[in-house]
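Letter by letter, the sequence shown follows residues -5 to 90 in the numbering used here. Ideal placement from N, C-alpha and C gives every residue a C-beta, glycine not left out. Predicted, not measured: the structure shown is a model, and the values here were computed from it.
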Amino acid sequence: MIALQFGSNMLGKLSPEIQERLQAVVDNPCEETWDDTHCIILSGKGRMKTLWNAVLEVDPTYLRSKPCDDPWGEIPTKETIVKAINHVLLGDVCVN
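Written as structure tokens, this is what we have:
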């Protein structure tokens, strides 16, 4: 389960549009949806991270850099994305 209703960012509660984009990457983790969401800033429980940084916290083996115009080459799994979002928003999700 994804905890988007508990989320916020620097502008306050996550907007419906941001929640829809995040749900899209969870439902279909692919080049297009990941590219659209990796830079979304999430905050909760004293944490503030981009989705990409949150993924790195739960999967330290994931890509740490990517040339600007190149494809990702690897997309995190649905499970990793959900775990990363919940880790930032809820703060009590076990990482690694």
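Rounded to the nearest angstrom, what separates residue i and residue j at their Cα positions?
{"i": "A48", "j": "A18", "result": "17 Å"}
{"i": "G40", "j": "L(-2)", "result": "16 Å"}
{"i": "N80", "j": "I(-4)", "result": "6 Å"}
{"i": "T71", "j": "D53", "result": "10 Å"}
{"i": "G1", "j": "E73", "result": "18 Å"}
{"i": "D21", "j": "P10", "result": "16 Å"}
{"i": "G94", "j": "P61", "result": "Absent from the structure is residue 94, since the part of the chain shown begins at -5 and ends at 90."}
{"i": "L16", "j": "D63", "result": "22 Å"}
{"i": "S59", "j": "I69", "result": "13 Å"}
{"i": "T55", "j": "I75", "result": "14 Å"}
{"i": "E51", "j": "E26", "result": "22 Å"}
{"i": "C24", "j": "E14", "result": "15 Å"}
Among the residues of its own chain, which have a CB less than 8 Å from the CB of residue i, if the five just before and after it don't count?
{"i": "D29", "result": "W66"}
{"i": "M4", "result": "I35, S37, M42"}
{"i": "C33", "result": "T44, L45, W46"}
Considering only residues of the same chain and omitting the five flanking positions on each side of residue i, which have a CB-CB separation below 6 Å?
{"i": "V82", "result": "L36, G38, R41, K43, A48"}
With which residues is residue i paired in a DSSP beta bridge?
{"i": "S9", "result": "According to DSSP, which records beta bridges pairwise, S9 is partnered with nothing at all."}
Practice problem: Ignoring anything shorter than 4 residues or poking outside the stretch 14 to 83, list the alpha helix (DSSP H) runs there in chain order. | Solution: 25 to 31, 45 to 52
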